[in-house]
Amino acid sequence: MIQNFKGWHVLGASFTTAMLMAGATFYSFQHFVTPIESEFSLSRDQVNLGMIAFLLSSAIWAAIVGKSITRINPKLLALLGITSFAIGFLGLSVSQSPKQMILIISLPVGFGFTACGPFIANTLTTNWFYKKRGRALGIAAVATSAGGFLIQPIFSYLIHSFGWRLALVYMGVSISLISVILISRYFISTPEVVGQFPDGINQVVKQKVVAKEPSMILKNRDFWVISLACGLLLASDQALLVSLKPFGESLGFTNTQATLIPTVVAGSAIIGKLLIGWLIERIDKRLVFALVCLSNISFLIAAIFVTSFSTLITVSAIVGMAIGGIYPVWTGITADTFGRVYFAPAIGMMNIFTVLLAVIAVGFVGNSFAKHQNYDEAFTILIPVAVLAAVVMSFVRINKEI
373 MIQNFKGWHV LGASFTTAML MAGATFYSFQ HFVTPIESEF SLSRDQVNLG MIAFLLSSAI
433 WAAIVGKSIT RINPKLLALL GITSFAIGFL GLSVSQSPKQ MILIISLPVG FGFTACGPFI
493 ANTLTTNWFY KKRGRALGIA AVATSAGGFL IQPIFSYLIH SFGWRLALVY MGVSISLISV
553 ILISRYFIST PEVVGQFPDG INQVVKQKVV AKEPSMILKN RDFWVISLAC GLLLASDQAL
613 LVSLKPFGES LGFTNTQATL IPTVVAGSAI IGKLLIGWLI ERIDKRLVFA LVCLSNISFL
673 IAAIFVTSFS TLITVSAIVG MAIGGIYPVW TGITADTFGR VYFAPAIGMM NIFTVLLAVI
733 AVGFVGNSFA KHQNYDEAFT ILIPVAVLAA VVMSFVRINK EI
């Protein structure tokens, strides 16, 4: 084994930037729902347009960044991304209309999140690991949950203490300073750049891929199978994420209690993603994906029938372990199919399709709440969506040697 293998340094740095990005964006969005509704006199489904704009723009930016990353140094992309992110947050803090906010979310924030968040972390992790890719991607996936567990409670505190505008300034500046230091010091595109090899071994290992022609991404059958399966489950996951705190408020919980629900789910998911990353190195990834779908379904059922705060928190702590577990499975199967060279372009293009489904789900949840003033209908309909996701993924071809 290579001494002082830098792959773990790269993973740690990209993990941290992804954690900051995820915690400050889609995990913290729910804390802006009520104050934005009040300040601009908007309905719940209108506020959710902000998340829809974020998801759509991130998907488009993922395709662009994924295509560019084969020609542009990831470190440069990440530095451009964090600069854009900072500009976006400062712009949001002084925005005067919902239209301005949508534009800022779609352009500087969307690009910044993609170029400096989980997408770039997964790409770097795939480049630096092969046999240990499952556990490494599991660790990388934990970044989003860690952001939900650590960053979004801080954001919630800042919003309630200083207002949402000042909270954006404080978080934007802090996150940008930390990220610039980490990117400049630790982001390295591939191990070969510094004379090392994936996993820290002393020799080149030929990496086998499922696709016969990995460069022909859109013509690959498994590209569409993975996109549809992950898109369906991501739709359910994302709809839950933007609704957890408002869901708690709709049940009459206090702000502290409502905030605790997504925090517990995010904390539980940290353990779950590590476990899932470990599992995908050892058993059929399709079975692991089905397990994640089952956990999603269990949480939806609990959300429909449970009204007690203590019971809901207990369920969140247990079932939350697999919520968000889609990411290590999704990235693992995609890496097996297309290899590290075409991983970023493939998953970047998948994002367009998967996020479209997530956008539909988020919009549906907002409309359903506006109509019924509860989430029962929305959560009920998401159950068969998760079931279908498991069925579709069973048709993907996998690399049994990894």
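Residue numbers (my numbering): 373 to 774.
Where is the CB? At the ideal position from N, CA and C, for every residue including glycine.
If I'm right that residue i touches residue j with Cβ under 8 angstroms, what's the distance once you round it to whole angstroms?
| i | j | result |
| --- | --- | --- |
| Ala398 | Leu613 | In the sequence under discussion, the amino acid at residue 398 is Phe, which differs from the Ala named in the question. About 6 angstroms; that satisfies the 8 angstroms criterion. |
| Phe661 | Val687 | Not really, about 22 angstroms apart at Cβ, beyond 8 angstroms. |
| Leu760 | Ser551 | Actually they are not in contact, since the Cβ atoms of Leu760 and Ser551 sit about 38 angstroms apart, beyond 8 angstroms. |
| Ser599 | Ala733 | Contact doesn't hold; Cβ gap of about 15 angstroms is too wide. |
| Ala493 | Gly720 | Ala493 to Gly720, Cβ: 14 angstroms. No contact. |
| Val514 | Val768 | Between Val768 and Val514 the Cβ distance is about 24 angstroms, and since that is not below 8 angstroms, they are no contact. |
| Cys602 | Met722 | 7 angstroms |
| Val701 | Ile753 | 23 angstroms between Cβ atoms; not a contact. |
Name the two residues that bound the continuous alpha helix (DSSP H) containing residue i.
| i | result |
| --- | --- |
| Leu479 | First-last for Leu479: undefined, no H or E at that position. |
| Glu409 | 402-412 |
| Ser546 | 536-558 |
| Ile523 | No alpha helix (DSSP H) holds Ile523; DSSP gives it neither H nor E. |
| Asn723 | 698-744 |
| Pro634 | 627-651 |
| Glu749 | 748-765 |
| Glu621 | 616-622 |
| Met657 | Checking the sequence, you will find Lys at residue 657 rather than Met. Residues 657-677. |
| Pro446 | 446-465 |
| Phe387 | 379-396 |
| Ile424 | 421-440 |
| Thr516 | 505-518 |
| Val768 | That residue, Val768, is in no alpha helix (DSSP H); it is neither H nor E in DSSP. |
| Ile598 | 593-613 |
| Leu590 | Premise fails: Leu590 is in no alpha helix (DSSP H) and is neither H nor E. |
| Thr562 | Per DSSP, Thr562 belongs to no alpha helix (DSSP H) and is neither H nor E. |
| Asn494 | 490-500 |
Do residue j and residue i come within 8 angstroms of each other at the CB atom, strictly closer than that value?
| i | j | result |
| --- | --- | --- |
| Leu452 | Ile441 | no |
| Gly697 | Leu509 | no |
| Ala638 | Phe751 | no |
| Asp708 | Ile770 | yes |
| Leu496 | Pro563 | no |
| Ile589 | Ala431 | no |
| Leu605 | Ala758 | yes |
| Phe715 | Ala512 | no |
| Phe681 | Phe625 | yes |
| Phe457 | Val437 | no |
| Phe619 | Tyr529 | no |
| Thr516 | Ala689 | no |
| Ile553 | Val382 | no |
| Phe736 | Trp536 | no |
| Ser465 | Leu540 | yes |
| Ile755 | Ile669 | yes |
| Phe710 | Val581 | yes |
| Asp417 | Gly738 | yes |
If you compare alpha carbons, which of the options is closest to residue i?
| i | options | result |
| --- | --- | --- |
| Ile477 | Tyr747, Asn420, Lys439, Arg443 | Asn420 |
| Cys488 | Ile454, Gly644, Ile511 | Ile454 |
| Phe411 | Ser469, Ile655, Ala394, Arg654 | Position check: residue 411 holds Glu in this sequence, whereas Phe was assumed. Nearest of Ser469, Ile655, Ala394, Arg654 to Glu411, Cα basis: Ser469. |
| Ala762 | Phe715, Val737, Ser667 | Ser667 |
| Trp500 | Phe377, Ser556, Val514, Leu590 | Phe377 |
| Gly519 | Ile555, Phe401, Leu428 | Phe401 |
| Gly379 | Thr498, Glu653, Leu659 | Thr498 |
| Asp656 | Ser766, Glu749, Cys665 | Ser766 |
| Phe741 | Leu623, Asp594, Leu462 | Leu623 |
| Gly692 | Gly644, Val764, Phe725, Val737 | Gly644 |
| Ile685 | Leu646, Met423, Gly463, Ser640 | Ser640 |
| Cys665 | Leu414, Val764, Val581 | Val764 |
| Gly460 | Phe483, Val566, Asn739 | Phe483 |
| Pro407 | Thr683, Val713, Asn627, Ile374 | Asn627 |
| Ile374 | Asn592, Val566, Lys617 | Val566 |
| Gly395 | Leu462, Thr635, Ser413 | Thr635 |
| Arg712 | Lys591, Leu646, Lys578 | Lys578 |
| Phe595 | Ile724, Ile444, Gly463, Arg654 | Ile724 |
So is the beta-carbon of residue i under 7 angstroms away from any non-hydrogen atom of the ligand GDP?
| i | result |
| --- | --- |
| Leu612 | Looking at this structure, you won't find the ligand GDP or any other ligand, since it has none at all. |
The segment 725-733 / the segment 535-545 touching (three or more Cβ pairs under 8 angstroms): no
Within the chosen definition, does the segment 625-636 reach the segment 523-539 through at least 3 CB pairs nearer than 8 angstroms? yes
Touching or not, the segment 566-578 and the segment 500-516, by the rule of three or more beta carbon pairs under 8 angstroms? yes
Count the CB pairs spanning the segment 479-494 and the segment 613-623 that are closer than 8 angstroms, and state whether there are at least three. no
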